[in-house]
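Asker: So the sequence shown is numbered by the numbering used here: it starts at 486 and just counts up by one. Here a beta-carbon is modelled for each residue, glycine too, at the ideal position from N, C-alpha and C. Remember, it's a predicted structure, so these values are computed and weren't measured experimentally. The structure under discussion is supplied below as structure tokens; questions concerning it will follow.
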Amino acid sequence: MSTATITPEYVYNCFDVITNYLQGNTKFQVSPEIPNEKYPLFVTWTTGPDKDLRGCIGTFSKNLALREGLRDFAISSAFKDTRFRPISVKELPALNCGVSLLVKFEQAKDCFDWEVGKHGIRIEFTKRGDRNQYDGVFLPEVMPEQGWDKETTLKHLVRKAGYDGPVNDELFELIRLERFQSVKMTKSYQDYVQNRPQ
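The structure is reproduced here in structure tokens:
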């Protein structure tokens with residue numbers, strides 16, 4: 486699972502799933518031509534020229550078959566990401582869909598043992614005296630898109646994880662970080678329409 490290939494069909498199948506879902510066909514299945522290998526994956530929806538985020542949900546499970554994962558996370562990220570209202574039919578022409586297959590997972594020696602632009606990161610920590618377990622993820626493309634360095638990224642990810650206490654060197658020492666890479670392809674709804682018979 487250290488290498489992965491991705492084709493436009495993966496993304497077009499996500500568009501197939503949500504356009505069918507919007508038409509009431511909630512049982513639509515991804516094409517059997519998609520290989521049924523197992524990968525952790527994320528499906529990301531953006532909209533407009535600035536590619537504003539509209540939904541992003543995925544899994545780190547290495548046991549989910551690709552066809553099932555593409556279908557489930559196309560639906561979840563489009564309609565069930567609680568940060569956003571569900572995607573509507575009128576938004577379709579401005580949508581972009583990205584599929585990320587996650588590979589090369591490695592435990593980092595500390596929370597700064599990763600490279601901006603190369604790695605995605607997943608953190609976990611428990612603050613002393615706090616019973617809560619905090620965790621959060623950023624895919625590899627997030628940091629370059631936002632213009633963040635490592636420390637800024639970690640501060641944002643700690644907040645995303647739900648922690649509202651001080652973010653300092655003491656906290657950084659508590660963070661367990663797993664780094665990973667992704668193979669990603671993004672296509673627009675216009676690309677999809679041009680590549681699907683009507």
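ASP620 lies in the beta strand (DSSP E); which residues open and close that run?
Answerer: In the sequence shown, residue 620 corresponds to position 135, counting from 1. Note, ASP620: beta strand (DSSP E), 619-623.
Asker: Cutting at 6 Å between CB atoms, please list the residues of its own chain near PRO571, excluding the five before and the five after it.
Answerer: By one-based count along the sequence shown, residue 571 stands at place 86. If we look at PRO571 and ignore the five residues flanking it on each side, its Cβ neighbours are PHE564.
Asker: Measure the CB-CB distance between ILE491 and VAL668 and report whether it falls below 9 Å.
Answerer: Numbered from its first residue, the sequence shown carries residue 491 at position 6. Numbered from its first residue, the sequence shown carries residue 668 at position 183. In this structure, VAL668 lies closer than 9 Å to ILE491 by Cβ.
Asker: Within this structure, are the beta carbons of TYR674 and LEU577 separated by less than 9 Å?
Answerer: As a first step, residue 674 must be located in the sequence shown, where it is residue number 189. As a first step, residue 577 must be located in the sequence shown, where it is residue number 92. Their beta carbons are under 9 Å apart, which means TYR674 touches LEU577 by this criterion.
Asker: In its own chain, which residues sit with a C-beta less than 7 Å from the C-beta of SER487, not counting the 5 before and 5 after it?
Answerer: As a position in the sequence shown, residue 487 is number 2, starting the count at 1. Residue confidence for SER487 is low, a pLDDT of 47 falling below 50, so the modelled location carries little weight; the figure read from the coordinates is stated next. The residues are VAL588 and LYS589.
Asker: State buried or exposed for PHE597, treating a residue as buried only when at least 16 other CB atoms are found within 10 Å of its CB.
Answerer: By 1-based counting over the sequence shown, the position of residue 597 is 112. Exposed, because fewer than 16 other Cβ atoms sit within 10 Å of the Cβ of PHE597.
Asker: Could you spell out the range, first to last residue, of the beta strand (DSSP E) harbouring ARG661?
Answerer: Against the sequence shown, residue 661 aligns to sequence position 176. Unbroken beta strand (DSSP E) run through ARG661: 661-673.
Asker: Indicate the three-state DSSP secondary structure (helix, strand or coil) for GLY533 in the structure shown.
Answerer: Here residue 533 corresponds to residue number 48 of the sequence shown, with the count starting at 1. Coil, per DSSP.
Asker: Per DSSP, what kind of secondary structure is THR544 in: helix, strand or coil?
Answerer: Numbered from 1 along the sequence shown, position 59 holds the residue referred to as residue 544. THR544 falls in the strand class under three-state DSSP.
Asker: To which residues does DSSP link SER585 through a beta bridge?
Answerer: What you label residue 585 is simply residue 100 of the sequence shown in a count that begins at 1. SER585 pairs with PHE527 and LYS669.
Asker: Would you decide whether ARG607 is buried or exposed? Buried here means 16 or more other CB atoms lie within 10 Å of its CB.
Answerer: Your numbering for residue 607 matches position 122 in the sequence shown. Buried is the call here.
Asker: Indicate whether THR671 and VAL584 have their beta-carbon atoms separated by less than 9 Å.
Answerer: Sequence index remark: in the sequence shown, residue 671 carries index 186 (1-based). Sequence index remark: in the sequence shown, residue 584 carries index 99 (1-based). Yes, these two residues count as a Cβ contact at 9 Å.
Asker: In chain order, which continuous runs of the beta strand (DSSP E) of length 3 or greater are located wholly inside the segment 585-614?
Answerer: Runs of the beta strand (DSSP E) inside the segment 585-614: 605-610.
Asker: Less than 8 Å between the CB atoms is what I'm expecting for LEU639 and PHE657, so what's the real figure, rounded?
Answerer: As a working mapping, residue 639 is identified with position 154 in the sequence shown. As a working mapping, residue 657 is identified with position 172 in the sequence shown. Right, the Cβ-Cβ distance comes to about 7 Å (below 8 Å), so this counts as a contact.
Asker: So, ARG613 versus LEU659, is the Cβ gap smaller than 9 Å?
Answerer: Stepping through the sequence shown from its first residue, residue 613 is reached at position 128. Stepping through the sequence shown from its first residue, residue 659 is reached at position 174. Their beta carbons are under 9 Å apart, which means ARG613 touches LEU659 by this criterion.
Asker: Which of the three DSSP states is assigned to ARG616 in this structure?
Answerer: Counting from one through the sequence shown, the residue named residue 616 turns up at place 131. Residue state, collapsed to three classes: coil.
Asker: Mind reading off the beta-carbon distance from LEU662 to ALA593? Whole number of angstroms is fine, and I expect it under 8 Å.
Answerer: Along the sequence shown, read from residue 1 onward, the residue named residue 662 stands at position 177. Along the sequence shown, read from residue 1 onward, the residue named residue 593 stands at position 108. Confirmed, Cβ separation roughly 4 Å.
Asker: Compute the Euclidean distance between the alpha carbons of TYR495 and ASP634, then round it to the nearest angstrom.
Answerer: Here the question's residue 495 lines up with position 10 in the sequence shown. Here the question's residue 634 lines up with position 149 in the sequence shown. Cα-Cα distance, rounded: 31 Å.
Asker: Count the other CB atoms, across all protein chains shown, that sit within 10 Å of the CB of GLY543; report buried if there are 16 or more and exposed otherwise.
Answerer: Reading the sequence shown from its first residue, position 58 is the one you call residue 543. By the 10 Å Cβ count, GLY543 comes out buried.
Asker: Give the straight-line distance between the Cα atoms of GLY540 and THR511, rounded to the nearest whole angstrom.
Answerer: On the sequence shown, position 55 is the one that residue 540 refers to. On the sequence shown, position 26 is the one that residue 511 refers to. Taking the straight line joining both Cα atoms gives about 18 Å.
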